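Undergrad: One structure, as structure tokens, below. Some questions next.
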Amino acid sequence: MNYALASLAIPFTVALLTLLLQRRSEANPIVPAITVLATAVSLVFAGLALETQAVSGAVSHLNVGGWDSPLAIRLRLTPLKALLLGFVALIHLLTGLYAWRAKPKIARDYWPLSALLHTSLAALILSADIFNLYVTLELLSLSAVALVCLSGPKAYTPALYYLLLSLGASLCYLMGVAVIYGQYGVLDMTVLAGIMEADHSTRFALLLMTAGLMLKGALWPLHLWLPEAHTYAPTPVSALLSGLVVKGPLFILWQLWNNLAPEALAREMGPLFAAGGVVALVSGGWSAFRAPFIKTLVAYSTVAQLGYALMGLGLLLFLQERIYAVALWLFVLAHGLAKVSMFLAAGEMQTLLGSKRVTAMRGATQTIPITMSAFAIAGISLIGMPPTGGFLAKWSLLEPLFTQANHWPWASGVLLGTFVSAAYVFRAIALGFYQAPMSREPRHFDRVSQWLALLPALLVGLMAFAGQDLIAWMAGVTQT
Amino acid sequence: MNWTNALPVVAVFSSLLPGLLIFALREQQQGLRTGLNLLGVTVKLIVVGVMLWGVSQGLDFRVEAPFLPGGALILHGDALSLQFVSLSAVLWMATTIYAIGYLRGTPLQSRFFGYFSICVSATVGVALAGNLITFLLFYELLTLATYPLVVHRGTREALDAGRSYLAYTVAGGTLLLMGIAVLHALSGSPQFVPGGYLASVPARHGPALTVAFALLITGLGVKAALIPLHGWLPKAMVAPTPVSALLHAVAVVKAGAFGIVRVIYDVYGAETLEQLDLTAPLIAVAAFTVIFASLRALQQRHLKRRLAYSTVSQLSYIVLGAALLGPIAAVGGLVHLIHQGIMKITLFFCAGAFEKTLGVHRISEMDGIGRRMPLTMSAFTVGALGMTGIPPTAGFISKWFLAAGGLEVGQPWVVWLFVVSGLLNAAYFLPLVYRGWFSIPTAEWPEDHQPESGWETRRMLLLPTLFTALLTLLMGLLAGSALGPLGWSQLIVAREFPL
Amino acid sequence: MVDLAIGLILVALAIGALLSSTLFGSLTLFFAFGMLMAVAWARLHAPDLALAEAAIGAGLTGALLFNALNKSPPEVIKERLRHPLSVALVCAAILALLVVSLLPSLDQVSPLPPMVGPRMDASGVDYPVTAVLLNFRGWDTLLEIAVLLLALLGVKVLLPTHTPAPQPWSLLLGWSKTLAPVIVVVGGYLLWRGSRGAGGAFQAGALLAAGAVMLRLNHVLPEIRWSQLLLRISVLIGLATFLTVAIATASFGDGWLTYPSAYSKALILAIETTATISIAATLTLLVEGEGDELQS
Amino acid sequence: MSPELLYLVVGATIWAVGLGGLLLVHHMLRRVIAVNLMGSGVFLVLVALAARSSPPDPVLQALVVTGLVVAISATAFAVRLASARAQHSSGTPEVERPGGDES
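Residue numbers (my numbering), protein chains in the order written: chain A, 382 to 861; chain B, 25 to 523; chain C, 320 to 615; chain D, 180 to 282.
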């Protein structure tokens with residue numbers, strides 16, 4: 382547990398430190414270095430936490446303040462949580478490196494804000510107290526909105542919508558917490574898991590919390606705020622938002638229904654989630670296909686891909702088979718990596734091609750091949766072609782569906798999803814193969830940034846080669 | 025890992041690695057690029073030679089790595105895979121040389137040859153795949169690696185063709201994935217077994233097996249261009265000619281046809297298919313494709329498009345041969361896998377040479393072309409006669425076995441099918457030959473590039489053409505030799521039908 | 320009867336604040352709503368919460384909103400509600416379900432309040448709410464101060480808005496000079512009282528902030544800049560102290576935020592004092608800090 | 180009717196009014212008010228729940244204090260953001276589309 386806390390405390394401390402260091406208006410050059418270094422250290426600690434946790438396979442608890450349950454806030458560390466801590470740190474590290482290289486220089490407030498975002502995600506992951514989760518959700522939303530605002534006045538409108546909707550969503554969640562506390566008198570999830578009953582109050586409370594979380598997680602049909610916010614944010618921020626921020630509420634949702642809710646309620650809810658997932662895949666994919674701007678395309682693709690995760694969650698609740706949990710979290714990991722790559726590539730394209738439009742990608746395979754490869758490989762993972770991580774996740778969702786004839790119809794959802802994703806991904810890739818206008822001056826690329834965009838794509842692109850071990854390992858990790 | 029394990033891996037990587045390296049090269053580094061290509065070609069040919077010898081001696085080349093639960097990554101060089109691997113290796117060599125000549129002086133060659141090599145690697149992977157999962161992996165890689173080649177020119181027309189190519193093949197790939205997932209849920213993805221591994225699946229899963237078969241064949245049928253899934257193929261003719269050659273003779277369409285053969289013999293097995301009575305629709309579709317595509321070919325005025333429809337028709341020979349489920353028909357289908365490849369690539373090479381040298385695209389422009397380019401036109405004639413099935417060319421051998429196979433399984437109409445098809449082939453190929461040799465050129469050639477060497481066309485375009493034309497003749501003349509494609513096909517069939 | 324009246328008026332004020340024909344009217348009604356809400360809380364035996372609500376919910380929020388009203392352009396377009404009836408019906412349905420879900424809870428008892436009493440001795444403070452805030456659920460409080468900091472950072476990121484400074488009102492100017500020391504004293508008293516009775520860091524911080532806001536409105540306080548170390552320290556010190564205690568207790572003690580019993584009183588006092596300073600500074604800046612002051 | 184029950188219902192009602200307001204009204208400051216109404220509603224519910232035991236539940240009261248601070252933080256940010264938006268986004272009420280190509 383101390384490793385996990387270290388992974389949380391390090392970015393927290395660094396955030397305060399960098400704020401203290403903000404002396405003059407100009408940026409302090411060591412701030413990015415410190416932040417990135419701290420993220421790397423945090424990643425190491427998360428790795429250590431994962432190692433101890435996965436090796437023992439155990440769940441550890443910490444009652445904050447040393448008080449006994451259910452009075453104290455309890456932190457809970459499971460292998461899955463340790464894995465997510467590491468994932469959060471990894472994505473922060475990648476985007477941090479990119480932001481460090483970014484030209485023009487990113488605003489100096491990016492560094493403390495992103496470190497606080499890291500902190501809030503870590504706190505969210507570790508917490509096992511439904512009210513404490515509310516505070517972490519607010520922390521998450523505020524840091525995310527502040528980060529979106531970094532790109533200046535054009536981002537204010539989407540940021541404000543995001544903030545207001547997010548606040549409304551939090552208060553839906555909080556009302557759910559109030560109902561649960563009224564009913565059971567405790568806030569600790571591990572205690573609640575044992576005593577919740579499938580009555581009307583519980584169901585309504587869970588629904589309220591679910592609505593709030595789905596809004597924050599941009600899960601269909603409550604996703605409308607996402608594309609604008611993700612489009613206008615600075616590039617590294619878009620990557621963080623798509624890769625991580627929407628996954629926080631999803632994680633709470635998963636705990637709520639997988640650990641907390643009585644099985645009868647969970648079974649009831651499963652088909653709804655799964656159906657919502659299918660609709661998200663199709664409608665999000667369609668909007669991505671129609672998107673005029675590169676970043677909007679990538680943002681809508683997040684809406685669509687979250688549909689897979691929602692489908693995994695729904696099928697898990699409905700059919701109560703562990704393999705769907707594996708599929709769900711594989712989707713989250715694969716999508717996170719792919720999305721980071723795609724947004725960083727999209728950002729590179731905007732700077733290098735001088736336009737935000739998808740049509741500006743004409744000839745990109747010739748003018749900016751590395752960036753284009755990053756985009757393409759990440760896109761192929763989103764479609765789910767082998768040997769990418771997206772394929773692995775899709776396979777773990779699809780294959781068990783075929784073991785029983787009455788589950789076959791759900792497979793058509795995956796089929797549709799694949800078609801739609803292929804449509805929007807290849808629409809962009811195809812543009813890259815147009816003959817490039819040769820008159821253009823050769824541009825000066827920052828090779829490092831390009832490779833930084835490519836790196837996560839390569840990771841996710843070859844993920845399935847570790848498929849057998851990864852699925853077996855994830856099956857163990859998602860047990861608790 | 026001993027050397028027998030390593031060889032299948034080397035066979036795949038001998039083109040994959042040069043391909044990846046070529047991406048990193050600058051446009052001007054032509055020498056290095058050619059060197060890398062030829063190095064890969066040489067290594068692959070040697071490896072394939074050794075594996076051919078080994079398999080004929082009963083050696084087993086197999087390597088396995090973990091991939092998915094219940095479905096490892098298996099590369100396995102059995103007799104059937106080597107049939108396809110040898111075809112790819114030999115024709116890759118010919119096409120590489122041809123492409124170097126064809127693309128001289130055009131931009132983006134590094135990108136082209138990079139994808140070209142990956143495409144061949146994917147084909148070899150498809151051939152060597154030891155189970156369905158591995159097959160899927162390389163099959164999808166093939167889809168992706170071929171796309172940049174189809175749209176290589178970067179024109180609107182090329183992009184349109186590319187879009188339709190992707191629409192068909194990605195949809196096909198998804199159906200294939202579904203089919204494989206259905207089978208995987210039933211029995212995992214074990215290694216291909218002659219006679220099929222699904223025989224042990226309980227009979228109550230019959231409906232699932234039927235659905236899976238339909239999904240697999242539809243998915244593969246897209247690449248094998250079974251009508252009505254063939255729409256992408258004629259459009260893809262906008263690609264540079266070496267790509268068309270590769271698509272039609274070696275890589276894409278063959279991967280589909282080969283996949284169908286695999287599914288029929290090594291996944292389901294003749295016995296299971298007969299029990300479930302699944303082949304009748306496939307036979308019907310294949311027979312229809314043979315005739316209908318020939319009729320369509322007759323209507324085409326562009327040389328390459330006519331060749332494309334001819335491919336659609338000829339591919340269904342292979343499918344038909346496999347679907348008839350008799351040993352003699354199987355030999356016919358398998359040997360046609362090779363023969364069609366070599367004959368069709370000859371024809372495409374000729375078409376490309378006409379186009380590059382004289383700017384001839386349309387059939388009407390071919391009048392008297394044999395006087396200007398006699399060697400190329402000779403090669404074209406050999407290919408055309410082969411396609412028509414006139415002895416002593418290779419095409420005759422295929423048709424003979426296919427027709428005899430039809431009789432063997434009690435379906436005499438197959439003989440008539442091939443008679444009609446042969447007449448149609450003659451109807452759309454022989455006029456070209458006649459025009460080329462005997463008509464008088466009506467006007468100036470659209471363009472005329474006389475190479476300085478004094479040859480009728482660029483040397484690198486001519487030599488591969490003559491080489492494959494020669495092969496067409498040799499395969500017909502020496503059909504009786506044990507090491508020819510026919511002998512090898514009989515070896516495969518002997519292992520598939522242990523009678 | 321009084322409660323019924325308060326309840327009805329609260330709902331009426333809430334609806335009025337949303338639908339009032341002018342923004343000014345909306346804000347006024349909302350301010351009144353906040354004040355009445357404080358009364359309602361007092362009637363529910365939560366006088367300290369009522370104080371906090373009056374200071375924060377009504378006072379600071381009101382100041383913020385009125386301040387924004389000054390800056391925002393006059394409302395040109397009149398509110399046109401889309402599908403008011405269907406939204407109202409949906410909300411009414413949700414409300415009905417919510418009330419039905421909440422009703423059974425009045426007969427339930429929570430196991431937590433009885434747990435608080437026996438642990439008060441070990442907690443280091445005498446007043447249960449403060450004990451929960453700073454000890455039993457200290458982690459919430461730490462994160463909540465981080466939320467406050469984040470809000471400030473968010474405001475700091477925004478481009479400055481320029482507004483003509485309103486002329487101070489001379490009478491108020493005089494008063495505020497007199498009031499300032501009083502406010503500081505009262506704030507300190509609240510902080511000190513927090514450990515034994517109703518009060519505590521938030522109330523004290525909020526009150527100090529309210530005082531500071533008043534002084535700033537009258538230009539009594541000097542110009543402040545983010546580049547001033549003292550300002551940055553005042554904003555950050557609460558969180559820094561809290562986090563240091565957390566890390567120290569995790570590294571050298573019994574665990575994350577587990578105060579050693581001998582020092583718990585001192586630690587809590589340190590945390591509370593620094594938190595008060597930070598809360599006061601942050602709230603002041605949030606309400607009144609101008610963009611350029613925060614940027615440089 | 181006990182005061183707890185009464186305020187419980189009132190709290191829920193105010194929350195629902197806020198929710199409806201968030202969906203209905205357009206002006207940003209009114210939306211901020213709507214969100215604050217939702218918050219006040221939840222807090223009133225919590226305070227009423229706290230009052231069901233005697234002495235009042237200190238845990239719930241502490242939650243309300245925490246909630247209040249979170250609410251004022253978020254409100255402050257939202258209000259300032261709304262002002263900045265009104266001044267810098269040329270006052271367009273609708274979400275502006277991203278401008279055309281920058282090149």
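Glycine residues also receive a C-beta, built at the ideal position from the N, C-alpha and C atoms. Predicted, not measured: the structure shown is a model, and the values here were computed from it.
Do ALA496 (chain A) and PRO365 (chain A) count as a contact pair if the criterion is CB distance below 7 Å?
TA: Given a span of 382 to 861 for chain A in the structure shown, any question on residue 365 (chain A) remains unanswerable.
Undergrad: Go through its chain and collect everything with a Cβ distance to ALA565 (chain C)'s Cβ below 7 Å, but skip five positions before and after it.
TA: Here residue 565 (chain C) corresponds to residue number 246 of the third sequence, with the count starting at 1. Cβ within range, chain order: LEU461, TRP575 and LEU576.
Undergrad: Determine the chain C residues that contact LEU464 (chain A) at a beta-carbon separation under 7 Å, and present them in chain order.
TA: Position 83 of the first sequence, counted from the first residue, corresponds to residue 464 (chain A). By Cβ distance, chain C contributes nothing, its closest Cβ being about 21 Å from LEU464 (chain A), past 7 Å.
Undergrad: Could you tell me which residues DSSP pairs with VAL841 (chain A) in its beta bridges?
TA: Within the first sequence, numbered from 1, the residue matching residue 841 (chain A) stands at position 460. Partner(s): none; VAL841 (chain A) has no beta bridge.
Undergrad: If we require 3 or more residues per run, which beta strand (DSSP E) segments fall completely within the segment 472–503 of chain B?
TA: Entirely contained in the segment 472–503 of chain B, not one beta strand (DSSP E) run reaches 3 residues.
Undergrad: What is the residue span of the beta strand (DSSP E) that PHE540 (chain B) lies within?
TA: Only positions 25 to 523 of chain B appear in this structure, which leaves residue 540 (chain B) out of reach.
Undergrad: Compare the C-beta of TRP448 (chain A) against all C-beta atoms of chain C and say whether one is closer than 7 Å.
TA: Counting from one through the first sequence, the residue named residue 448 (chain A) turns up at place 67. By this cut-off, TRP448 (chain A) is an interface position.
Undergrad: Which residues, taken in chain order from the segment 236–249 of chain D, show a beta carbon closer than 9 Å to some beta carbon of chain C?
TA: Against chain C - using a Cβ distance shorter than 9 Å - the residues of the segment 236–249 of chain D are ASP236, PRO237, VAL238, LEU239, GLN240, ALA241, LEU242, VAL243, VAL244, THR245, GLY246, LEU247, VAL248 and VAL249.
Undergrad: Just to confirm, is the Cβ distance from VAL474 (chain C) to SER252 (chain D) under 7 Å?
TA: Position 155 of the third sequence holds residue 474 (chain C). Position 73 of the fourth sequence holds residue 252 (chain D). Not a contact, by the Cβ cut-off of 7 Å.
Undergrad: Step through the CB atoms of chain B and report whether any lies within less than 7 Å of the CB of GLY848 (chain A).
TA: Taking the first sequence and counting its residues from 1, the one referred to as residue 848 (chain A) is at position 467. Yes - at least one Cβ of chain B is within 7 Å of the one on GLY848 (chain A).
Undergrad: Check the Cβ of GLU164 (chain B) against every Cβ in chain A and list those closer than 7 Å, keeping chain order.
TA: Counted from its first residue, the second sequence places residue 164 (chain B) at position 140. MET766 and PRO767, listed in chain order.
Undergrad: Using a Cβ-Cβ cut-off of less than 9 Å, list which residues of the segment 185–209 of chain D approach chain C; keep chain order.
TA: Those would be LEU185, TYR186, LEU187, VAL188, VAL189, GLY190, ALA191, THR192, ILE193, TRP194, ALA195, VAL196, GLY197, LEU198, GLY199, GLY200, LEU202, LEU203, VAL204, HIS205, HIS206, MET207, LEU208 and ARG209, in chain order.
Undergrad: Which bits of chain B does SER852 (chain A) rub up against, with CB to CB less than 8 Å?
TA: Counted from its first residue, the first sequence places residue 852 (chain A) at position 471. The amino acid at residue 852 (chain A) is misidentified as Ser; the sequence shows Ile. Residues of chain B passing the Cβ test: LEU92 and PRO93.
Undergrad: For chain A, find out if any of its Cβ atoms is closer than 7 Å to the Cβ of VAL258 (chain D); answer yes or no.
TA: For the purposes of this step, residue 258 (chain D) is taken as residue 79 along the fourth sequence, with counting starting at 1. VAL258 (chain D) does not count as touching chain A.
Undergrad: With distances taken Cα to Cα, identify the nearest neighbour of PHE453 (chain B) among B:ALA103, B:LEU69 and B:THR335.
TA: Numbered from its first residue, the second sequence carries residue 453 (chain B) at position 429. Closest option to PHE453 (chain B), Cα to Cα, is B:THR335.
Undergrad: Using a Cβ cut-off of 7 Å, pull out every chain B residue sitting near TYR815 (chain A), in sequence order please.
TA: As a working note, residue 815 (chain A) is residue 434 in the first sequence. Simply GLY178 and LEU183.
Undergrad: Since GLN747 (chain A) meets chain B, which of its residues come closer than 7 Å, beta carbon to beta carbon?
TA: On the first sequence, position 366 is the one that residue 747 (chain A) refers to. Those within 7 Å of GLN747 (chain A) in chain B are LEU132.
Undergrad: Strictly under 7 Å for the Cβ-Cβ distance: is THR784 (chain A) near chain B by that measure?
TA: On the first sequence, residue 784 (chain A) is found 403 positions in, with the first residue counted as 1. Closer than 7 Å to some Cβ of chain B, the Cβ of THR784 (chain A) qualifies, so yes.
Undergrad: Any beta carbon from chain D within less than 7 Å of THR538 (chain A)'s own beta carbon?
TA: What you label residue 538 (chain A) is simply residue 157 of the first sequence in a count that begins at 1. So yes, THR538 (chain A) belongs to the interface.
Undergrad: Please report whether the beta-carbon of ILE810 (chain A) lies at a distance below 7 Å from any beta-carbon of chain C.
TA: Counting from one through the first sequence, the residue named residue 810 (chain A) turns up at place 429. With 7 Å as the cut-off, ILE810 (chain A) does not count as an interface residue toward chain C.
Undergrad: Would you mind giving the Cβ-Cβ distance between PHE230 (chain B) and GLY203 (chain B), rounded to the nearest angstrom? I have them listed as a contact below 8 Å.
TA: As a first step, residue 230 (chain B) must be located in the second sequence, where it is residue number 206. As a first step, residue 203 (chain B) must be located in the second sequence, where it is residue number 179. Reading off the sequence shown, one finds Gly at residue 230 (chain B), where the question assumed Phe. The pair is not a contact, with the Cβ atoms about 15 Å apart (cut-off 8 Å).
Undergrad: Give the straight-line distance between the Cα atoms of PRO634 (chain A) and LEU594 (chain A), rounded to the nearest whole angstrom.
TA: In the first sequence, the residue the question calls residue 634 (chain A) occupies position 253. In the first sequence, the residue the question calls residue 594 (chain A) occupies position 213. With the sequence shown as reference, residue 634 (chain A) is identified as Leu, and Pro is not the correct amino acid for it. Their backbone Cα atoms lie some 7 Å apart in a straight line.
Undergrad: For a contact defined as C-beta to C-beta under 7 Å, what are the partners of THR799 (chain A) on chain F?
TA: In the structure shown, chain F does not exist; the protein chains are A, B, C and D.
Undergrad: So if I threshold CB-CB distances at 8 Å, which residues from the segment 358–376 of chain C count as touching chain A?
TA: Taking 8 Å as the Cβ-Cβ cut-off against chain A, none of the residues of the segment 358–376 of chain C qualify.
Undergrad: Out of curiosity, what's the CA-to-CA distance linking GLU273 (chain D) and TYR537 (chain A)?
TA: Within the fourth sequence, the letter at position 94 stands for residue 273 (chain D). Within the first sequence, the letter at position 156 stands for residue 537 (chain A). Confidence is the limiting factor: at GLU273 (chain D) the pLDDT is only 38, short of 50, which leaves the residue's position unreliable, though a coordinate-based value still follows. Their Cα atoms are separated by approximately 12 Å.
Undergrad: Taking the beta carbon of ILE576 (chain A) as the centre, do at least 16 other beta carbons fall within 10 Å, making it buried, or is it exposed?
TA: Here residue 576 (chain A) refers to the residue found at position 195 of the first sequence. That one is exposed.
Undergrad: Along the chain, where does the beta strand (DSSP E) containing LEU456 (chain A) start, and where does it finish?
TA: Numbered from its first residue, the first sequence carries residue 456 (chain A) at position 75. Element bounds for LEU456 (chain A): 455–458.
Undergrad: Would you kindly work out how many angstroms separate the C-alpha atoms of GLN53 (chain B) and LEU127 (chain B), rounded to a whole number?
TA: Sequence index remark: in the second sequence, residue 53 (chain B) carries index 29 (1-based). Sequence index remark: in the second sequence, residue 127 (chain B) carries index 103 (1-based). GLN53 (chain B) and LEU127 (chain B): Cα-Cα distance of roughly 14 Å.
Undergrad: In the DSSP output, which residue or residues are listed as bridge partners for PRO674 (chain A)?
TA: Within the first sequence, residue 674 (chain A) is the residue found at index 293, counting from 1. Sequence check: residue 674 (chain A) is Phe here, not Pro. Note: PHE674 (chain A) sits in a beta bridge opposite A:ARG738.
Undergrad: Any C-beta of chain C sitting closer than 7 Å to the C-beta of PRO574 (chain A)?
TA: One-based indexing of the first sequence puts residue 574 (chain A) at position 193. For the record, residue 574 (chain A) in the displayed sequence is Ala; it is not Pro. Cβ-Cβ to chain C under 7 Å: no for ALA574 (chain A).
Undergrad: Any Cβ of chain A within less than 7 Å of the Cβ of VAL36 (chain B)?
TA: Counting from one through the second sequence, the residue named residue 36 (chain B) turns up at place 12. Not an interface residue.
Undergrad: Unbroken alpha helix (DSSP H) runs of length 4 or more, entirely within the segment 323–388 of chain C: which are they?
TA: Taking only runs of at least 4 residues, the alpha helix (DSSP H) segments lying wholly in the segment 323–388 of chain C are 342–362 and 366–371.
Undergrad: In three-state terms, what does DSSP make of GLY533 (chain A)?
TA: Within the first sequence, residue 533 (chain A) is the residue found at index 152, counting from 1. In the structure shown, GLY533 (chain A) sits in coil (DSSP, three-state: anything other than H, G, I, E or B).
Undergrad: Which of the three DSSP states, helix, strand or coil, is assigned to SER334 (chain B)?
TA: As a working note, residue 334 (chain B) is residue 310 in the second sequence. Note: SER334 (chain B) maps to helix in three-state DSSP.
Undergrad: Starting from ILE98 (chain B), follow its DSSP beta bridges and name the residues at the other end.
TA: To locate residue 98 (chain B), count along the second sequence from 1; it is residue 74. DSSP lists B:GLU88 as partners of ILE98 (chain B).
Undergrad: For HIS385 (chain B), I'd like the list of residues in its chain whose CB is within less than 7 Å of its CB, leaving aside the five on either flank, ordered along the chain.
TA: Working through the second sequence from its first residue, we reach residue 385 (chain B) at position 361. Excluding residues within five positions, the ones whose Cβ falls inside 7 Å are HIS326, LEU327 and GLU379.
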